[in-house]
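Below is one structure, written out as structure tokens; comments come after it.
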Amino acid sequence: MPTSIALRSATVSAIAVLLLAACASAPPNRLTIDAERGEMPITWVEIPRPAPLPPLAHGAIVVPVRFAGIEGKPLYMQFDVGTPATVLYAAKWTSLAQRLGGASAPDAERVENLRLMIGTLPVTAAEVQVRKNAATPIDWAGDGLEIVGTVGSDIIDGRTVLLDFKANTIVVTRDRNAVTSATTVFTPFRYIQRKVLMPAKVNGEPGDLVYDSGSSAFALITSEEAWRKLARADAVPVQFPVRSWNNTLTAHTVASDARVALGQASIPVREVSRIEGASFLQDAGMRVFGIAGMIGNELFIGRRLILDTARQEFAVED
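The sequence shown lines up with residues 37 to 354 when you count with the numbering used here.
Shown next as structure tokens:
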């Protein structure tokens, strides 16, 4: 696996997520999903860290994508419900456009009327933004993982998504009964500008947690004050660089005995993190909006997370 993969993963968009959730408008949803249900197998991307730190095993979720007319080379997109709209990476799109031909301009800032398969889900995008980042052109002959863009929360808008971290599968469906059972218990959440804000208690303290599947490797990201309170007394923090789109920030992670209560579940955090440079994650901004922090996929490993964005309800199952 190449170590130069450009992701937003293990990577954080803390300022953007919280600020947008509080006050900004998400762009219009330009996706049309031409099926009642689709499934996507999860591939985990391991993110290296400076020695002697071990790599982040759950650094990012990517799912397979296919474009009509492009065969042979497996292609992927990051699955990131912390991003309100699906995007393509500029260098990857240039490579794709050269093979797609027709009206697909390689240097376009946005692509219109794009058809693709995300897992088994057929999607038509009236418009997709093309974003510049650290990605390189597609190596058609190589065996590295080619991640060509990010699937945002527009794909789950008005639908139910099951993130099954036991079976490593994502299901997007109109009918939530297809992914639930008689024992599933739902809890309301806030769905603001296609951001998921889940009511929670961290060691008994109530507050909303922003769910960001793009910050995959982190169980809980919070303010420096809360981070210090939640840290295990004898634990030694570690720090390492993380990328947030084109910015590099510093993550500080420490062992913790804290638990997060979400719906019917009480989940051990094991590690709590703070992000140096994410100024909006400071206490004043968080208190204004009742936000206790951000949670990533690491919190749900070995569990099933169901988000019904139409009814604004979620469930966590063991």
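Ideal Cβ positions, reconstructed from N, Cα and C, are used throughout, including at glycine.
Remember, it's a predicted structure, so these values are computed and weren't measured experimentally.
query	result
Please go through the same chain and pick out, in chain order, the residues whose beta-carbon is closer than 8 Å to the beta-carbon of residue 356, but skip the five residues on each side of it.	Absent from the structure is residue 356, since the part of the chain shown begins at 37 and ends at 354.
Using 10 angstroms around the beta-carbon of residue 287, count the other beta-carbons present and answer buried if the total reaches 16, otherwise exposed.	buried
What span of residues does the alpha helix (DSSP H) with residue 265 cover, start to end?	260 to 266
Can you tell me the Cα-Cα spacing of residue 200 and residue 206, whole angstroms?	6 Å
Report the three-state DSSP secondary structure of residue 307 (helix, strand or coil).	strand
Alpha carbon to alpha carbon, what distance is there between residue 285 and residue 279?	6 Å
With DSSP run on the structure shown, which of helix, strand or coil describes residue 340?	strand
Provide the residue(s) that pair with residue 276 in DSSP beta bridges, ordered along the chain.	287
Indicate the three-state DSSP secondary structure (helix, strand or coil) for residue 195 in the structure shown.	coil
Report all residues from its chain with a CB closer than 6 Å to the CB of residue 162; omit the five preceding and five following residues, and keep chain order.	66
Quick one: is residue 333 buried, meaning 16 or more other Cβ sit within 10 Å of its Cβ, or exposed?	buried
How about residue 345 and residue 193: are their beta carbons less than 8 Å apart?	yes
Could you tell me the alpha carbon to alpha carbon distance between residue 172 and residue 178, rounded to whole angstroms?	13 Å
Considering just the uninterrupted stretch of the beta strand (DSSP E) at residue 73, what are its terminal residues?	73 to 77
Assign residue 68 to one of two classes, buried (16 or more other C-beta atoms within 10 Å of its C-beta) or exposed (fewer than that).	exposed
Please name the residue in 267, 342, 312 and 261 whose C-alpha comes closest to that of residue 306.	267
Rounded to whole angstroms, what's the CA-CA distance from residue 272 to residue 291? Just pull it up for me.	8 Å
On the CB-based measure, 16 or more other CB atoms within 10 Å of its CB, does residue 249 come out buried or exposed?	buried
Could you name the residues of the same chain whose beta carbon sits closer than 7 Å to that of residue 413, not counting the 5 residues immediately before and after it, in chain order?	No information on residue 413 is available, as it lies outside the stretch 37 to 354 that the chain covers here.
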